[in-house]
Structures are given as C-alpha cells and as structure tokens.
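Worksheet for the structure shown next.
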Amino acid sequence: MRRPRNVFVCMANEADFTKALSQEVCEINGVFYRAFRWSPDFNEDVESFRVPVWVSLPGLPPNVYQEAFLNILMAPTGTFIRSDNPTRCATRTDGARLCVEVDAVKPPLSHFWIGASGLPSSRKQEIVYETLPAYCSSCNMQGHNTRTCNPRRVGKNGGRKVSRKGHSKTKILINDQGVE
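Under UniProt numbering, residues 1 to 180 are what the sequence shown spells out, in order.
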C-alpha cells in the first residue's frame with residue numbers, strides 16, 4: 001500500500017473474513033478503522049462505497065432463518081454477509097438480524113416482498129437499518145454527504161480528496177481469495 005492509512009489483510013479462511021467484515025465496533029487500541037472487501041479496481045484515493053451494515057427484519061418467521069434463504073431475500077438490498085447468533089440458532093423468534101454489504105450511494109430499501117405481491121400468501125417485509133453511513137459522491141469519502149461536503153476536498157483531480165489533515169482512521173482491506 002502506498003499510504004500508511006491503508007492496511008491489506010489476507011484472511012486464511014472464509015469464516016475469519018466474514019467475522020472481520022461484519023464487526024460492529026471497528027477499533028484497535030483507540031484507532032477506528034473501516035474494513036471492506038478488496039477488489040481488483042481498488043483505488044487508494046477513493047473510499048469504498050460498499051459498506052457492511054447490520055439490519056433487522058422485524059416479524060420475519062423463524063422458518064426462513066436458513067442462511068441460503070436469507071441470502072436470496074437480501075439480494076435486492078445488498079450482499080448477505082452473516083446473521084447474528086440468535087438468528088442463526090432461531091432463538092429470537094420476533095425477527096432476524098443480519099449483516100449485509102450495501103451500496104452507500106444508493107438510497108436504502110425500506111422493504112421488500114416475500115412471495116408475489118398481491119397474493120394472500122405473500123407479505124411485505126420491513127427492513128430496519130441499525131447504522132447507515134453517509135457517503136459523499138463529490139469527494140468519494142465516507143462520513144458525510146454531498147450537502148455537508150467541504151468544497152476544499154474536491155479539486156481538479158477528478159473528485160478525489162485533496163487534503164485530509166487531522167483524521168486518524170485506517171482502512172483495512174480484506175481479501176477472501178487467499179494469498180496469491
């Protein structure tokens with residue numbers, strides 16, 4: 001990595017990768033970090049717009065808590081990462097709690113349909129986002145939106161940030177493909 005604020009971490013297996021990506025508190029020795037999935041088009045000057053977010057699906061029946069089914073249900077919202085223990089073990093019966101990687105640029109979905117809309121057996125499922133980070137498409141940074149963007153961050157360099165003094169956040173890139 002060219003910049004000291006970026007760290008590349010290669011996980012040994014998928015379980016470690018999933019756990020690291022879905023951490024609710026991302027801090028090591030008082031330094032906050034953001035973990036995100038590495039991709040071949042990674043650019044150190046642009047923060048990833050794909051972010052892991054915990055969501056709740058209130059009222060979702062426990063008979064659909066299987067990981068394969070949750071993966072299909074969450075596809076319109078984002079990429080399913082994992083469910084919490086009470087959901088995985090079906091000990092919480094009033095709804096499911098999941099970690100999903102979403103596109104922070106797009107407006108979040110508030111609900112989706114299970115089954116065909118209009119049929120008596122179908123139902124509208126609400127999505128409750130626990131935390132939804134802001135993303136600024138002007139300077140390609142997380143933490144604020146376009147309305148609150150500092151114009152000095154955007155310059156003649158195609159929307160990349162110009163200066164970032166005083167920030168101590170570190171990015172951790174996670175690769176689930178193994179060592180190449």
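Don't be surprised by glycine CBs; every beta carbon is placed ideally from N, CA and C.
Residue range of the unbroken beta strand (DSSP E) whose run includes residue i
{"i": "R92", "result": "Neither: R92 is in no beta strand (DSSP E) and is coded neither H nor E."}
{"i": "E57", "result": "Residue identity check: residue 57 is Leu in the sequence provided, not Glu. From DSSP, the beta strand (DSSP E) with L57 extends over R50 to P58."}
{"i": "E79", "result": "The identity of residue 79 in the sequence shown is Thr, whereas the question assumes Glu. It spans T79 to S83 - the beta strand (DSSP E) in which T79 sits, taken as one unbroken run."}
Straight-line gap, residue i to residue j (C-alpha atoms, nearest Å)
{"i": "P133", "j": "A104", "result": "7 Å"}
{"i": "E180", "j": "S117", "result": "Caution is warranted here: a pLDDT of 34 is assigned to E180, below 50, making its placement in the model unreliable, and the coordinate value is therefore given only provisionally. If I take the Cα positions, the gap works out to 46 Å."}
{"i": "W38", "j": "E67", "result": "23 Å"}
{"i": "P40", "j": "I114", "result": "34 Å"}
{"i": "P62", "j": "N150", "result": "46 Å"}
{"i": "A20", "j": "V9", "result": "10 Å"}
{"i": "C136", "j": "P108", "result": "15 Å"}
{"i": "A12", "j": "L119", "result": "46 Å"}
Spatially closest choice to residue i from the options, by CA coordinates
{"i": "Q125", "options": "C89, K106, A35 and L73", "result": "L73"}
{"i": "G78", "options": "D94, N85 and K106", "result": "K106"}
Cβ distance (whole Å) where residue i is taken to contact residue j below 8 Å
{"i": "P58", "j": "V102", "result": "That pair is no contact at about 18 Å."}
{"i": "residue 194", "j": "V51", "result": "The requested residue 194 is not part of the displayed model; the chain covers only 1 to 180."}
{"i": "P76", "j": "F112", "result": "6 Å"}
Residue i: first and last residue of the uninterrupted alpha helix (DSSP H) it sits in
{"i": "E47", "result": "E47 -> no alpha helix (DSSP H), and no H or E assigned at all."}
{"i": "F17", "result": "E14 to L21"}
{"i": "I127", "result": "Counting along the chain, I127 falls outside any alpha helix (DSSP H), and DSSP gives it neither H nor E."}
Sequence-distant residues of the same chain with beta carbon closer than 8 Å to residue i, five excluded per side
{"i": "Y65", "result": "S83, T87, R88, A90 and A96"}
Proximal residues to residue i (C-beta, below 7 Å), its chain only, five neighbours per side dropped
{"i": "F80", "result": "L70, N71, M74, L98 and V100"}
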